[in-house]
Amino acid sequence: MAPPTSSAITLNINGEKHTLPVDHRTTLLDALREQLDLTGTKKGCDQGQCGACTVLLDGRRAVSCLQLAVAAEGRVITTIEGVADGERLHPVQQAFLDLDGYQCGYCTPGQICSALAVIEEHAAGWPSAATADVRPEAGVPELSAEEIRERMSGNLCRCGAYVSIVQAVARAAEEAAQPGASSRPWQADGPGEPGAPADGEAVA
Amino acid sequence: MREFGYRRADDVQGAVALLAADPGARLLGGGTNLVDLMKTGVERPALLIDVQDLPLDRIEVTADGALHIGATVTNSDLAADPEVRRRYPALAQAVLSGASGQLRNMATVGGNLLQRTRCGYFTDPAAPCNKRDPGSGCPAIGGEHHNHAILGASAHCVAVHPSDMAVALAAFDAVVTYETSDGPGELPLAEFYLPVGRTPHRETALPSGALITGLRLPPAPVAAVSRYRKVRERASFAFAIGSLAAALDVRDGTVQEVRLAFGAVASRPWRARAAERALIGGPASAEAFAAAADAELAAAEVLPHNGYKVALLRNLVVAVLTELTEEAAR
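Chains H and Z, in that order, are what the protein sequence lines are. Each residue of the first sequence is one higher than the one before, counting from 260 in my numbering. Each residue of the second sequence is one higher than the one before, counting from 23 in my numbering.
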């Protein structure tokens, strides 16, 4: 007997649980946009190459166009709609706004979700391809413009707002490094705990 | 996309049983390559077996000093791991040079080993391709092949393997472990990828129905001084047009041990054993490095538009071994 090709699933998105039927072919991107009316997440290439559809899964950035919705059940999903604190913008959003880190704005939700994760990854000590010495004894590299460009290379901007995007990420990272500040808007383990399982529950 | 069933496996035995029961089944790790190929119709599985919940997400040092890397460890966690960065820096560099931060968070070690070539004829279901449709021909040989193989190819396929990670693994003698319904098995990476020959559609020596459970990296003190250098057409987020994983142990100007593996030149990561043999016991000099590269690249067979890769690899060998010689002297 052929296995069923659709399922009823529950997705945990921005702290809310949504139960919905999905054809297994549905990507998380299409489920967000077409079934849940969360249209902040954008569809660009639909092939994992442009980053417009970037969301956070268990606190880590991922491209939702290559993530099957059915396989996202049990993960803690954060989209651009879940980044701000009510009407109060997240510092990364404010930095993009203040420094003109966009032109048309289509790639911006993906840029911001990616930037949130870049700041967390850097704070957790992750090296990048721009890091001269990856050995742990070499310490954490400074989040230089070169490091930001490499770490953000999965997000394309066809308007070419890269110069301002780099400045916005740098400013947001500086603010997040201040005592008492946190860049984390979401409700899951970030990159600081490699391999740590998500608890699947939202934190108030 | 063809409709498909979906099952999430709880344990390795359950995943292997599901795989054995359905020849149309495929394993789903991060999905960064498989889902993309399903969208274009290159892959048409009847059932996806999701392995994300399998307990294969650990990196552990064993009593014999080897490093065990689980199959569902993400590329991000592999590259961030302190033991990997300390003991095999070229492996961390190779993984960091691949894809984007988003894709590295999704992609798994097992899936990375099994990712498919990005040859434009393979990924276009309307084109002939011996790898996708055996016997249909290889348009790349007389067509677009500036990024195709110069070593180990055949008249049936000239595609290159896209993985950066696997190049570093080849240099460090990694062993792939797997599970089947008949029990466990393992394959050294040198035997994991099959020669192209007349059967480019047969890519690995994994038995049918096998689930990769992980990798074993044997202790390799030489790997502590190692580097991965990747050349590509833009500075980031692109596949290699040529790459090199290298490790070097030099004492008193003499090469004690050396590891060299080339990427983006063959259907598999290319361990450059002829070059290694030429270097052992000899001087650590630019002339010796160039001669060793030439010894390996003497077997190169170039097509009209990919001959540049011979000079590229030769220059990579000289540059990276020179840097490693200087690093070892510090």
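The C-beta atom is built at its ideal place from N, Cα and C for all residues, glycine as well. Treat the numbers as computed from the prediction; the structure is a model and nothing was measured.
Collapsed DSSP secondary structure at residue i in the structure displayed
| i | result |
| --- | --- |
| R319 (chain H) | strand |
| Q363 (chain H) | Residue identity differs from the one stated: residue 363 (chain H) is Cys in this sequence, not Gln. Coil. |
| E225 (chain Z) | coil |
| P263 (chain H) | coil |
| G324 (chain Z) | According to the sequence shown, residue 324 (chain Z) is Val rather than Gly. In the structure shown, V324 (chain Z) sits in coil (DSSP, three-state: anything other than H, G, I, E or B). |
| I302 (chain Z) | coil |
| N337 (chain Z) | helix |
| D271 (chain Z) | strand |
| Y28 (chain Z) | strand |
| Q308 (chain H) | coil |
| Y421 (chain H) | helix |
| R48 (chain Z) | strand |
| A245 (chain Z) | helix |
| T286 (chain H) | strand |
| F194 (chain Z) | coil |
| D75 (chain Z) | coil |
| F259 (chain Z) | coil |
| R347 (chain H) | strand |
| D448 (chain H) | Per-residue confidence for D448 (chain H) stands at a pLDDT of 48, beneath the threshold of 50, marking its modelled position as unreliable; no derived number is given. |
| G285 (chain Z) | strand |
Cβ pair residue i, residue j closer than 8 Å
| i | j | result |
| --- | --- | --- |
| Y215 (chain Z) | G207 (chain Z) | no |
| A313 (chain Z) | A300 (chain Z) | yes |
| I302 (chain Z) | V277 (chain Z) | yes |
| Y250 (chain Z) | Q74 (chain Z) | no |
| I424 (chain H) | G360 (chain H) | yes |
| H167 (chain Z) | N328 (chain Z) | yes |
| T94 (chain Z) | G51 (chain Z) | yes |
| A317 (chain Z) | V340 (chain Z) | no |
| R220 (chain Z) | H178 (chain Z) | yes |
| C312 (chain H) | L288 (chain H) | yes |
| G285 (chain Z) | D186 (chain Z) | yes |
| A193 (chain Z) | R281 (chain Z) | yes |
| A190 (chain Z) | V287 (chain Z) | no |
| V322 (chain H) | G299 (chain H) | no |
| L327 (chain H) | V57 (chain Z) | yes |
Cβ-based burial, residue i [other Cβ within 10 Å; buried from 16]
| i | result |
| --- | --- |
| C363 (chain H) | exposed |
| R19 (chain Z) | Residue 19 (chain Z) lies beyond the residue range present for chain Z, which begins at 23 and ends at 352; the question has no answer from this structure. |
| E409 (chain H) | buried |
| R111 (chain Z) | It is worth fixing the name first, because residue 111 (chain Z) is Pro in this sequence and not Arg. Burial call: buried. |
| D344 (chain H) | exposed |
| L356 (chain H) | exposed |
| E406 (chain H) | buried |
| P77 (chain Z) | exposed |
| G165 (chain Z) | exposed |
| P386 (chain H) | buried |
| S373 (chain H) | buried |
| L334 (chain Z) | buried |
| Q370 (chain H) | buried |
| Q352 (chain H) | buried |
| S230 (chain Z) | exposed |
| E396 (chain H) | exposed |
| Y330 (chain Z) | exposed |
| G275 (chain Z) | exposed |
DSSP beta-bridge partners of residue i
| i | result |
| --- | --- |
| G264 (chain Z) | Z:V253 |
| D316 (chain Z) | Answer is none; D316 (chain Z) lacks a bridge partner. |
| P206 (chain Z) | Z:E201 |
| V332 (chain Z) | Paired residue(s): none; V332 (chain Z) is not in a bridge. |
| R290 (chain Z) | According to DSSP, R290 (chain Z) bridges with nothing at all. |
| E82 (chain Z) | Z:H90 |
| H277 (chain H) | H:L270 |
| E279 (chain Z) | Z:D271 |
| T337 (chain H) | H:L315 |
| C179 (chain Z) | Z:S176 |
| I234 (chain Z) | Z:Y200 |
| F355 (chain H) | Beta-bridge pairing links F355 (chain H) to no other residue. |
| Y215 (chain Z) | Z:T226 |
9 Å Cβ cut-off: residues of chain Z touching residue i
| i | result |
| --- | --- |
| P368 (chain H) | By Cβ distance, chain Z contributes nothing, its closest Cβ being about 13 Å from P368 (chain H), past 9 Å. |
Beta-carbon neighbours of residue i, restricted to chain Z and to distances below 7 Å
| i | result |
| --- | --- |
| R410 (chain H) | G123 |
| G307 (chain H) | T54, D58, L125 |
Contact set between residue i and chain H, taken where Cβ atoms lie within less than 7 Å
| i | result |
| --- | --- |
| V57 (chain Z) | L325, L327 |
| D72 (chain Z) | A330 |
| S258 (chain Z) | A388, E409, S412 |
Within chain Z, partners of residue i - CB distance below 8 Å
| i | result |
| --- | --- |
| G299 (chain H) | The premise fails here: G299 (chain H) is roughly 17 Å from chain Z at the closest Cβ pair, so nothing lies under 8 Å. |
| R319 (chain H) | S98, N127 |
Chain-ordered neighbours of residue i on chain H, where CB pairs are closer than 9 Å
| i | result |
| --- | --- |
| S248 (chain Z) | Chain H residues near S248 (chain Z): none, gap ~10 Å exceeds 9 Å. |
| S158 (chain Z) | Result: empty, since nearest Cβ-Cβ is about 24 Å, beyond 9 Å. |
Residues that residue i contacts on chain H, provided the C-beta gap is smaller than 8 Å
| i | result |
| --- | --- |
| L354 (chain Z) | Absent from the model: residue 354 (chain Z). The displayed extent of chain Z is 23 to 352, so no value can be given. |
| G27 (chain Z) | A261, P262, P263, T264, H283 |
| A114 (chain Z) | P386, V393 |
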